[in-house]
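Asks: Sequential numbering from 63 applies to the sequence shown in our numbering.
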Amino acid sequence: MNNNSKVLALKYRPQNFDDLIGQEVVAETITNSIKADKIPNAYLFTGIRGVGKTTIARIVAKSLNCSNAIENKCKIECNNCDAITNSSHIDVLEMDAASKTGVDDVRDLIEFSRYGPTSAKYKVFIIDEVHMLSKQAFNALLKTLEEPPEYLKFIFATTEIKKIPVTVVSRCQRFDLSRIKSSELFEYLKKIKDKENGKVSDEALKLIVKISEGSVRDALSLLDRGLLSLKENTELDLNAAQKIFGYFDKSQLIDLFELILKGEETKVIKIYRKIYDQGVEPKVFINDFLELLYYFKNINSLTLESTNFSLNDEEFLKIKDISNQINTEVIILFWQFAIFSLEELDIVANQHLSIEMFLIRLIHLKSTKSKKEFINNLENKNSESSIVQKEIKIENNVKTVDQIKNITQQEKKKIEIKTEIKEMDKNLINSFDDLLNICLEKKEIKLKYELEKNVNLVKFEKNRIEISFNDNLDKDFVKDLSSKLFEWTNERWIITFSKSKGDMSIKEKQKSKKDELINEVKNSETYKTVIKKFPDAELVDIKLNTKED
Ligand SMILES: [Zn+2]
Numbered sequence: 063m064n065n066n067s068k069v070l071a072l073k074y075r076p077q078n079f080d081d082l083i084g085q086e087v088v089a090e091t092i093t094n095s096i097k098a099d100k101i102p103n104a105y106l107f108t109g110i111r112g113v114g115k116t117t118i119a120r121i122v123a124k125s126l127n128c129s130n131a132i133e134n135k136c137k138i139e140c141n142n143c144d145a146i147t148n149s150s151h152i153d154v155l156e157m158d159a160a161s162k163t164g165v166d167d168v169r170d171l172i173e174f175s176r177y178g179p180t181s182a183k184y185k186v187f188i189i190d191e192v193h194m195l196s197k198q199a200f201n202a203l204l205k206t207l208e209e210p211p212e213y214l215k216f217i218f219a220t221t222e223i224k225k226i227p228v229t230v231v232s233r234c235q236r237f238d239l240s241r242i243k244s245s246e247l248f249e250y251l252k253k254i255k256d257k258e259n260g261k262v263s264d265e266a267l268k269l270i271v272k273i274s275e276g277s278v279r280d281a282l283s284l285l286d287r288g289l290l291s292l293k294e295n296t297e298l299d300l301n302a303a304q305k306i307f308g309y310f311d312k313s314q315l316i317d318l319f320e321l322i323l324k325g326e327e328t329k330v331i332k333i334y335r336k337i338y339d340q341g342v343e344p345k346v347f348i349n350d351f352l353e354l355l356y357y358f359k360n361i362n363s364l365t366l367e368s369t370n371f372s373l374n375d376e377e378f379l380k381i382k383d384i385s386n387q388i389n390t391e392v393i394i395l396f397w398q399f400a401i402f403s404l405e406e407l408d409i410v411a412n413q414h415l416s417i418e419m420f421l422i423r424l425i426h427l428k429s430t431k432s433k434k435e436f437i438n439n440l441e442n443k444n445s446e447s448s449i450v451q452k453e454i455k456i457e458n459n460v461k462t463v464d465q466i467k468n469i470t471q472q473e474k475k476k477i478e479i480k481t482e483i484k485e486m487d488k489n490l491i492n493s494f495d496d497l498l499n500i501c502l503e504k505k506e507i508k509l510k511y512e513l514e515k516n517v518n519l520v521k522f523e524k525n526r527i528e529i530s531f532n533d534n535l536d537k538d539f540v541k542d543l544s545s546k547l548f549e550w551t552n553e554r555w556i557i558t559f560s561k562s563k564g565d566m567s568i569k570e571k572q573k574s575k576k577d578e579l580i581n582e583v584k585n586s587e588t589y590k591t592v593i594k595k596f597p598d599a600e601l602v603d604i605k606l607n608t609k610e611d
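Right, here's the structure in full:
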């Protein structure tokens, strides 16, 4: 580990409850209980790494054993506090359960507890990462924990409370240490920076706050690293900080997102390569992209503060502005796609290329296919069948587009996206006729042929088709139809075979209609006259004049 990075964290390690940031309630509760002499046998501190668990454990040990006990906040150095700070107090034993997990280690500890304290009021056992203890070790510990001697106090710290047996937890006074609030951590870092005479911009400090995710220790380490990487008399600004910590400018990502929506492939790739050149890992990139999608979706219910300084003012406003022009469906689509690509990164050799493909796919996901579909819709407008349906579709698009003002580019985009989603319209197929029409429209001629010739409809319901069929039916018919239906409606359809005969097939219907007509004509006077004159003639077909019919 980099020794330099530990300097600030050690130098500014809180030595008493007053130094502690972000844990006021915990500090007050413990102080009061010590003042009132209502000290529990065991304390248990839980929370994320770097939030101050072991620091608090030591402060509690000091508060219990400070020679100036009255205030429990040793302002004037005393021997006890000094020794505890240096981990050299004879009555305060610190153990890291991560390295000593066995029952023997706990036995040593218990053996040590047989005798009263030498120089302080209490013997204190601090066990860090206590969840790492073995089952037997916990059992050995439990006996002492149940009935400890007056002079013995336990302080446990853990990141994983669930791994500690309930029997142990229930014998402790438990404190859940919360993450340090972003604004609090920011103010704290600012103070430290001033004490160190470091030149760091507020934006850079906010970046540190974001990366450290509420851990004071991490934040101090980062600040340290930032200050050490600086040349003399320069300021650590956002740009430099991003470089040092391997983070890239969110505004680039926002630009990238905007360009994806506009379908500017070349520019998108150019920006991504720039980001890549800054040393951003593909996984970090996708995760940041996901985060951005979240903001695009939820920005209206967020404040700048609640983004944990993930965004600066300018970015916040920009996202707010763009977000009003994006459909939720697109965000969801992109989200699913990004998650999918994140998984993909584990199986590809060149992750960098995978990201480029991911971005290109996003662009085409929303444009190419849907553009074609939209043009098709317009062209087919006057042709047969579902004209009304299609007109409504287009009308809807225009309506939605009308709601967005000023930006022509956006309007175009909206239409494209809208069309694609409409394409998956679940109510597209409501009858057997609809099904035939869509087969024609999608040029599934074989399927249409089978449906017309070899299938008798028994029952048509939403997502369920019951049919009977003749011997000529293609063996892949059900499989083909199911997959096409899924493709067209994005829903699963169940196709069942019925024993009942069902309707006549379309071809049968046509044939019987024709037979009927032939019979009708055969009974007409015209036919009888013709037959009289040409006895050898035979009526084979009838062409209908559609207008009259
Ligand atoms: Zn003291």
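Here a beta-carbon is modelled for each residue, glycine too, at the ideal position from N, C-alpha and C.
Rounded to the nearest angstrom, what separates Ile331 and Leu373 at their Cα positions?
Replies: 23 Å
Asks: So Ser385 is in the beta strand (DSSP E); what residue range does that whole segment cover?
Replies: Segment Asp375 to Ser385 is the alpha helix (DSSP H) holding Ser385; no beta strand (DSSP E) there.
Asks: Could you check whether Ile393 and Ile322 sit closer than 8 Å to each other, using their CB atoms as the reference points?
Replies: no
Asks: DSSP puts Lys521 in a beta bridge; with which residues?
Replies: Glu528
Asks: Just reading off the alpha helix (DSSP H) that Lys576 is part of, what are its end residues?
Replies: Ile568 to Lys584
Asks: For the alpha helix (DSSP H) containing Glu553, list its first residue and its last residue.
Replies: Looking at the DSSP string, Glu553 is not in any alpha helix (DSSP H), and its letter there is neither H nor E.
Asks: Nearest-angstrom Cα distance between Gln465 and Ser274?
Replies: Reliability fails at Gln465, whose pLDDT of 38 lies under 50, so the model's placement of it is uncertain and the value that follows must be treated cautiously. The straight-line gap from Cα to Cα measures roughly 41 Å.
Asks: Compute the Euclidean distance between the alpha carbons of Leu352 and Ile500, then round it to the nearest angstrom.
Replies: 36 Å
Asks: Which stretch, first to last residue, makes up the alpha helix (DSSP H) that contains Tyr589?
Replies: Glu587 to Lys595
Asks: Can you find a heavy atom of ligand 1 that lies under 7 Å from the Cβ of Asn130?
Replies: yes
Asks: Leaving out the 5 sequence neighbours to the left and right, which residues in its chain are closer than 8 Å to Lys329 when beta-carbon positions are compared?
Replies: Leu321
Asks: Beta-carbon separation of Glu418 and Tyr334 under 8 Å?
Replies: yes
Asks: Sorry if obvious, but does the Cβ on Asn15 come closer than 7 Å to a heavy atom of ligand 1?
Replies: The structure shown does not extend to residue 15, since the chain spans only 63 to 611, so no value can be given for it.
Asks: Taking the continuous beta strand (DSSP E) assigned at Val154, which residues delimit it?
Replies: Note, Val154: beta strand (DSSP E), Val154 to Asp158.
Asks: Gly178 to Lys243, Cα distance in whole Å?
Replies: 41 Å
Asks: Per DSSP, which residues does Thr117 bridge with? Please list them.
Replies: Beta-bridge pairing links Thr117 to no other residue.
Asks: How about Thr147 and Gln85: do their beta carbons lie closer than 8 Å?
Replies: No. Outside cutoff.
Asks: Quick check on Arg111: does DSSP put it in helix, strand or coil?
Replies: coil
Asks: In chain order, which beta strand (DSSP E) runs of at least 3 residues are fully inside the segment 149-194?
Replies: Segments of the beta strand (DSSP E) lying fully in the segment 149-194: 154-158 and 185-190.
Asks: Which residues mark the beginning and the end of the alpha helix (DSSP H) in which Asp144 is found?
Replies: Asn141 to Thr147
Asks: Measure the C-alpha to C-alpha separation of Asn386 and Glu570 and round it to an integer number of angstroms.
Replies: Between Asn386 and Glu570, the C-alpha separation is close to 55 Å.
Asks: Please list, in chain order, all residues of the same chain as His151 whose beta carbon is under 6 Å from its beta carbon, the five residues on each side excluded.
Replies: Ala145
Asks: Alpha carbon to alpha carbon, how far is Leu535 from Lys563? Give it in angstroms, no decimals.
Replies: 15 Å
Asks: Between Leu214 and chain D, is any beta-carbon pair separated by less than 8 Å?
Replies: Here there is only one protein chain, and chain D is not present.
Asks: Ligand 1 and Lys124: does the residue's C-beta get closer than 7 Å to at least one heavy atom of that ligand?
Replies: yes
Asks: In terms of residues, what are the limits of the beta strand (DSSP E) holding Ala219?
Replies: Leu214 to Thr220
Asks: So, with DSSP's three-state summary, where would you put Val262?
Replies: Here Val262 sits in strand by DSSP.
Asks: Alpha carbon to alpha carbon, how far is Asp153 from Pro211?
Replies: 14 Å
Asks: Classify Arg241 as helix, strand or coil using the three-state DSSP reduction.
Replies: coil
Asks: Report the CB separation of Ile529 from Phe559 in whole angstroms; it is logged as a contact under 8 Å.
Replies: 6 Å
Asks: According to DSSP, simplified to helix, strand and coil, what is Gln413?
Replies: helix
Asks: Taking one C-beta from the segment 105-119 and one from the segment 216-228 each time, how about it: are there three or more such pairs within less than 8 Å?
Replies: yes
Asks: May I ask whether a heavy atom of ligand 3 can be found less than 7 Å away from the beta carbon of Asn301?
Replies: With respect to small molecules bound, the structure shown includes ligand 1 and not ligand 3.
Asks: Report buried or exposed for Glu512, applying the criterion of at least 16 other Cβ atoms within 10 angstroms of its Cβ.
Replies: For Glu512, the number of other beta carbons within 10 angstroms of its own is at least 16, and it is reported as buried.
Asks: Can the beta-carbon of Val520 be found closer than 8 Å to that of Phe531?
Replies: No; because the gap between Cβ atoms is not below 8 Å, this pair is not in contact.
Asks: Around the C-beta of Val113, are 16 or more other C-beta atoms found within 10 angstroms, so that it is buried, or is it exposed?
Replies: buried
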